[in-house]
Amino acid sequence: MIREVVLVVPNFLIREAFGDPAEPPLGVAYIGAVLEKEGYQVSIIEANAENLSMQEIEHRLLTEQPNLVGISCDFSPLHNPTLQIASMVKNKLGVPVVVGGNHATAAAQHMIRQADGTIDFIARGEGEAVLPPLIRALQRHADLVSVQGITYLYDGRVVSTPLAQFVHDIDRLPFPAYHLLPMDKYARHAIHSARGCPFNCSFCAAHVIFGHRVRRFSAERVVDEMEYVLKEYGRKQFWFSDDTFTANQAYTDELLDVLIARKLNLTWSCLTRVNVVSRDILLKMKEAGCAYISYGVESGDEAMLRAMGKGITLNRVRETLTMTKQCGLRVYAFFLVGNPGETWNSIRNSYRLIKQVKPDGASFAVVIPLPGTQLWDKMVSRGFIGHDTMQWDYLFAKLPGGRYKDYAAQVAAQWCDLTANELMRACIIGEHLPRVGNLLEANRSLCEIDGVLDEEALRGLYSAQDVTGLDLDVFIEAAREYWNG
Ligand code: B12
Ligand code: SF4
Numbered sequence: 021m022i023r024e025v026v027l028v029v030p031n032f033l034i035r036e037a038f039g040d041p042a043e044p045p046l047g048v049a050y051i052g053a054v055l056e057k058e059g060y061q062v063s064i065i066e067a068n069a070e071n072l073s074m075q076e077i078e079h080r081l082l083t084e085q086p087n088l089v090g091i092s093c094d095f096s097p098l099h100n101p102t103l104q105i106a107s108m109v110k111n112k113l114g115v116p117v118v119v120g121g122n123h124a125t126a127a128a129q130h131m132i133r134q135a136d137g138t139i140d141f142i143a144r145g146e147g148e149a150v151l152p153p154l155i156r157a158l159q160r161h162a163d164l165v166s167v168q169g170i171t172y173l174y175d176g177r178v179v180s181t182p183l184a185q186f187v188h189d190i191d192r193l194p195f196p197a198y199h200l201l202p203m204d205k206y207a208r209h210a211i212h213s214a215r216g217c218p219f220n221c222s223f224c225a226a227h228v229i230f231g232h233r234v235r236r237f238s239a240e241r242v243v244d245e246m247e248y249v250l251k252e253y254g255r256k257q258f259w260f261s262d263d264t265f266t267a268n269q270a271y272t273d274e275l276l277d278v279l280i281a282r283k284l285n286l287t288w289s290c291l292t293r294v295n296v297v298s299r300d301i302l303l304k305m306k307e308a309g310c311a312y313i314s315y316g317v318e319s320g321d322e323a324m325l326r327a328m329g330k331g332i333t334l335n336r337v338r339e340t341l342t343m344t345k346q347c348g349l350r351v352y353a354f355f356l357v358g359n360p361g362e363t364w365n366s367i368r369n370s371y372r373l374i375k376q377v378k379p380d381g382a383s384f385a386v387v388i389p390l391p392g393t394q395l396w397d398k399m400v401s402r403g404f405i406g407h408d409t410m411q412w413d414y415l416f417a418k419l420p421g422g423r424y425k426d427y428a429a430q431v432a433a434q435w436c437d438l439t440a441n442e443l444m445r446a447c448i449i450g451e452h453l454p455r456v457g458n459l460l461e462a463n464r465s466l467c468e469i470d471g472v473l474d475e476e477a478l479r480g481l482y483s484a485q486d487v488t489g490l491d492l493d494v495f496i497e498a499a500r501e502y503w504n505g
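Each residue of the sequence shown is one higher than the one before, counting from 21 in the numbering used here.
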């Protein structure tokens, strides 16, 4: 009889790069809420927020003695930690193990084989649609082929049943089970106003779980949830972690009206694209408490944007970023380097774009071929990568001081015109460009002699300013790129 379920979020082990976890994991929180509604006793071991070691996770599991364990493998770097936890659960508790999440869904066939019996099921797609029917089938000893969205081993063969339907009316989902999470560990609160993104960028895996059709929560419900989190947990800062927050501007408009009318006095931020905002929406976002917008710009090179299937033009990028700043919102621009076709010249075009539009901040990352993306399929077919060769453990994003671990760069260097070192260097310089550019602009008369950048003066500027976390050589190189761009 399955009555008690424990959901485990493995430790991301990326504190060095990101600091403490900023926001709660919504996936397991939704699943927990749905299972509780069906009468199960649920707890969540949030090993990431609580920074738990494998031994500590094991200790918690042995104390809880659940009848079923679910593990969240949303991110590819969690591939091995997930297998380790599954193996420990099988050996120590011997109860059914179900793994779900973005990476598990896209890599289901490979993962179930590799787990060699320690994972019983991979639940593909939205957990709310798969886990409850799976548990019911297990209780009744029913034929598993009737459960949609699962992958399992049967007689040594991998069986994958057809995907379950998307949750049709997401408004009927309960609020995420925040009470099961260590809420005091998060700096800000993540919330979703919709699921799905209609675009199809070659490097992006967001569609693996939510697909391309946008399903929205009602505006009232989203603001009710924000109010609930404010009252219960005192949270005043939110991040809409929707794939593309303004994908449906008519809906965003409605949501903003409700936010403004409720006068909750919250600040928030979101992630979106340059081609789905207008001046009116931006002004209203400001009025509703939006502090900054992160735009997926990806590149300042028109050919690279086309190659990524990004569906935006540089003109539109310039126009939107400028307009956003004019509307009183801060702007962050996300860039990727290392897509097929990347050269130093295309990277310089990204730097030029930064010089032109002056975002408040820029994030540069080496592209990772994620299972389920067009980039992944293409590079597997060209023989550069495969499930057996990817070393997911080495993929953690960044190290302190803006230095990058080099694995993603080594992988990407196989198909673009740059070495791994050059790709990493490109990211470090790009990330510092807005700050160095500002310093340079403010001290232009000091640093320029007859139209030429004076490197001696630059060194003086470096020692006179607070440039914490920035090496002198990066400062000089970024200043040169900015000056010559
Ligand atoms: C918020 C977010 C983050 C936050 C995480 C916050 C947190 N505490 O979870 C931060 C900023 C830390 C982050 C970091 C990274 N992220 Co991120 N992130 C997201 C984002 C935007 C939203 C995730 C979310 O909340 N979804 C909402 C919930 C409801 O959905 P869900 O998590 O998918 O959960 C559902 C299902 O997956 C499933 N499910 C999940 N767990 C389980 C468990 C069980 C037992 C079952 C049955 C089902 C199940 O059911 C859930 C409910 O429907 C997604 C984009 C997206 N659309 O998913 C990218 C995304 C998940 N991130 C991605 C990546 C690549 C990363 C990084 C590797 C980036 C980097 N280079 O550093 C790091 C990974 C960190 C690490 N572990 O090493 C990829 C993941 C793909 C992949 N194969 O790895 C995504 C899909 C983005 C993309 N464009 O491709 N990320
Ligand atoms: S990168 Fe952003 S816009 Fe492109 S498909 Fe992914 S979520 Fe949608």
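For every residue, glycine included, the Cβ atom is placed at its ideal position computed from N, Cα and C.
{"Query": "Is there contact here, the stretch 248 to 264 with the stretch 282 to 301, by at least three beta-carbon pairs under 8 Å?", "Result": "yes"}
{"Query": "Rounded to whole angstroms, what's the CA-CA distance from Y253 to L72? Just pull it up for me.", "Result": "23 Å"}
{"Query": "Could you give the DSSP three-state label for H209: helix, strand or coil?", "Result": "strand"}
{"Query": "Along the chain, where does the alpha helix (DSSP H) that runs through F230 open and close?", "Result": "227 to 230"}
{"Query": "Comparing C-alpha positions only, which one of R445, L395, V62 sits nearest to G329?", "Result": "L395"}
{"Query": "Could you say which of T342, A327, D273 lies nearest to V294 if we only look at CA atoms?", "Result": "T342"}
{"Query": "Which whole runs of the alpha helix (DSSP H) in the stretch 436 to 466 are 4 residues long or more, in chain order?", "Result": "440 to 462"}
{"Query": "Starting from the C-beta of A126, find all residues in its chain whose C-beta is less than 6 Å away, skip the five residues before and the five after it, and write them out in chain order.", "Result": "V228, P391, G392"}
{"Query": "Out of curiosity, what's the CA-to-CA distance linking L82 and H130?", "Result": "28 Å"}
{"Query": "Among the residues of its own chain, which have a CB less than 6 Å from the CB of A239, if the five just before and after it don't count?", "Result": "E274, L275, V278"}
{"Query": "Does the count of Cβ pairs from the stretch 355 to 374 and the stretch 429 to 437 closer than 8 Å reach three?", "Result": "yes"}
{"Query": "H199: which of E476, P45, E475, D408 sits nearest, CA to CA?", "Result": "P45"}
{"Query": "Within the chosen definition, does the stretch 131 to 138 reach the stretch 214 to 234 through at least 3 CB pairs nearer than 8 Å?", "Result": "no"}
{"Query": "Run through the stretch 272 to 310 for me and flag every whole beta strand (DSSP E) of 3 or more residues, listed as ranges in chain order.", "Result": "287 to 292"}
{"Query": "Report the start-end ranges of each alpha helix (DSSP H) in the stretch 41 to 88 that is 4 residues or longer and not cut off at the edges.", "Result": "46 to 57, 74 to 84"}
{"Query": "Just the C-alpha distance for F384 and F354, rounded to the nearest angstrom, thanks.", "Result": "6 Å"}
{"Query": "Check whether the stretch 100 to 116 touches the stretch 361 to 380, counting contact only when three or more Cβ pairs, one atom from each stretch, lie closer than 8 Å.", "Result": "no"}
{"Query": "Out of L302, S366, I367, which has the shortest C-alpha to C-alpha gap to E351?", "Result": "Looking at the sequence provided, one finds Val at residue 351 rather than Glu. For the residues L302, S366, I367, the minimum Cα distance to V351 belongs to L302."}
{"Query": "State the DSSP-derived secondary structure class of Q340, mapped to helix, strand or coil.", "Result": "Residue 340 is actually Thr in this sequence, not Gln. In this structure, T340 counts as helix in the three-state DSSP scheme."}
{"Query": "Is G406 near the ligand B12, judged by its Cβ being under 6 Å from some heavy atom?", "Result": "no"}
{"Query": "Could you pull the start and end residues of the alpha helix (DSSP H) that F495 belongs to?", "Result": "492 to 504"}
{"Query": "Distance, Cα to Cα, Y424 vs T439?", "Result": "Reliability of the predicted coordinates at Y424 is poor, the pLDDT of 49 falling under 50, and the value obtained from them is presented with this limitation in mind. Taking the straight line from one Cα to the other gives about 14 Å."}
{"Query": "Figure out for me which residue from N31, C347, H161, T181 has the closest Cα to the Cα of V167.", "Result": "T181"}
{"Query": "Which residues mark the beginning and the end of the alpha helix (DSSP H) in which Q376 is found?", "Result": "364 to 377"}
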